[in-house]
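Have a look at the structure below before the remarks.
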Amino acid sequence: MASIVVAVSSLTQIPCFAEQQQQQPLASRKHLSLFSHCKFPPLHPRSRQQQQQQQGSFLLLSHAVATPNSVLSEEAFKGLGDFTKDVLDHDHSLEGGDTPGADLSIANLGLPQQLVETLEKRGITHLFPIQRAVLVPALEGRDIIARAKTGTGKTLAFGIPIIKRLTVDDEGRSLTRRSGRLPRVLVLAPTRELARQVEKEIKESAPYLSTVCVYGGVSYVIQQNALSRGVDVVVGTPGRIIDLINNNTLNLGEVQYLVLDEADQMLAVGFEEDVEVILETLPPKRQSMLFSATMPAWVKKLARKYLDAPLTIDLVGDQDEKLAEGIKLYAIPTTASSKRTILNDLVTVYAKGGKTIVFTQTKRDADEVSLALSNSIASEALHGDISQHQRERTLNGFRMGKFTVLVATDVAARGLDIPNVDLVS
């Protein structure tokens, strides 16, 4: 059964999704995550003229992405993500044969063997489109602005090239030199859940690197102790990062790689001032990558001020449909007063007893919807006013099936990694 998204709207005009549904394959998708750990088929190579690349890099994309400040839509990407085997720079040869599947295999991209092995153990054998698009310019040191749909592997899009460069830099260095080191990577995320999910992805992909996640709502002591032992990657929310800087616990003077994940959501939760304060403390010579689903004025200002001639990679474009593959979408027009009254029936009909996530715009809505549903269906609310301990208890209970409906604000739900979700409303 494919996961289902039911959009309940009080708008008088609703776009027709029928044609999109007919064109979209209903592949099974039972995992709500920043990155799905599943194998997926490679693209088939096309012949095209080889382009000259810098030493140590390789070509996965056409000049439409490799040229400065270019923009690539997902539709355009479909015809550009392939390559011939002679343009890979992995000792100028392919490993594992010359079939199309081998060409796009992670094992053939010149990545450190230990990284390849950890990715393959997780079932990750090929790159998703956003990962292919980002990999080459990121390894070349380019600043990047990237747009992609949620659930398309953005974390490893920046994670893989950064992990490769850290691994190469550490070759030949002694373990004693690494003790007490300052972070070389800083990843800013708008929510605790997203920060923890990013940390999880990096730790599972590169367990040999020290990755620390810092966020509010928990004790400073554990985070301070972890930082004092030495760290390679710091992932955190801007508020806690600022606190640690002010307490002289976190020194960002050696950061070489900056990632702003879900930059538009930083604005939504009021982190814009904190983000700019943090960026002012970083070394001017660094690589910066900004990931954002939308580009509001503040994000554009941030890019102009703090990124150096960034390359824009846009896998969203002007599409009305922003869903990832394998999700079945229904749009149900309704009045504002009747939305809550029909949620019970929607959950009963479409979830069929499985897990359901209901998104709301405000914390008050989340509490009220959860209360209304709880009369007949076990549900709990998740939003920013809930303590970190309670948030973790709620999420663990939902994962374990102690209740079937999670009602969450859009921002609070960023970065959730919950398997077997049947319905999103």
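In UniProt numbering, the protein residues as written are 1 to 425.
Glycine residues also receive a C-beta, built at the ideal position from the N, C-alpha and C atoms.
By Cβ distance, which residues of its chain are closer than 6 Å to residue i, with the 5 residues on each side in sequence left out?
i	result
residue 308	143
residue 410	359
residue 218	388
If you follow the alpha helix (DSSP H) that residue i is part of, which residue opens it and which one closes it?
i	result
residue 124	Unbroken run through residue 124: none, as it is neither H nor E.
residue 393	388 to 399
residue 165	154 to 170
residue 372	363 to 373
residue 208	Looking at the DSSP string, residue 208 is not in any alpha helix (DSSP H), and its letter there is neither H nor E.
residue 239	238 to 246
residue 140	From DSSP, residue 140 is part of no alpha helix (DSSP H); its letter is neither H nor E.
residue 341	339 to 346
residue 262	Looking at the DSSP string, residue 262 is not in any alpha helix (DSSP H), and its letter there is neither H nor E.
Nearest by alpha-carbon distance to residue i: which of the options is it?
i	options	result
residue 344	269, 140, 405	405
residue 161	131, 187, 284	131
residue 113	165, 148, 157	165
residue 389	146, 192, 352	192
residue 148	136, 137, 128	128
residue 261	367, 209, 351, 295	295
residue 264	317, 299, 340	299
residue 352	282, 218, 424	424
residue 354	217, 135, 420, 386	420
residue 289	386, 186, 365, 371	186
Is it right to say residue i is buried, meaning 16 or more other beta carbons lie within 10 angstroms of its own, or is it exposed?
i	result
residue 302	buried
residue 438	No information on residue 438 is available, as it lies outside the stretch 1 to 425 that the chain covers here.
residue 349	exposed
residue 222	exposed
residue 311	buried
residue 254	exposed
residue 341	exposed
residue 287	buried
residue 240	buried
residue 188	buried
Apart from the five residues on each side of it in sequence, which residues of its chain come closer than 8 Å, Cβ to Cβ, to residue i?
i	result
residue 168	112
residue 118	204, 205, 206, 207
residue 106	116, 119, 120, 124, 125, 126, 127
residue 361	409, 410
The beta strand (DSSP E) that contains residue i, what's its start and end?
i	result
residue 287	287 to 291
residue 314	311 to 314
Assuming residue i and residue j are in contact, meaning their beta carbons sit under 8 Å apart, how far apart are those beta carbons, in whole angstroms?
i	j	result
residue 158	residue 259	5 Å
residue 237	residue 195	6 Å
residue 407	residue 347	Not confirmed; about 11 Å, so no contact.
residue 386	residue 146	So it is not a contact: roughly 31 Å between Cβ atoms.
Short of 7 Å in beta carbon distance, which residues of its chain neighbour residue i, apart from the five on each side in sequence? Order them along the chain.
i	result
residue 249	224, 227
residue 242	274, 277, 278
residue 403	378, 379, 380, 397
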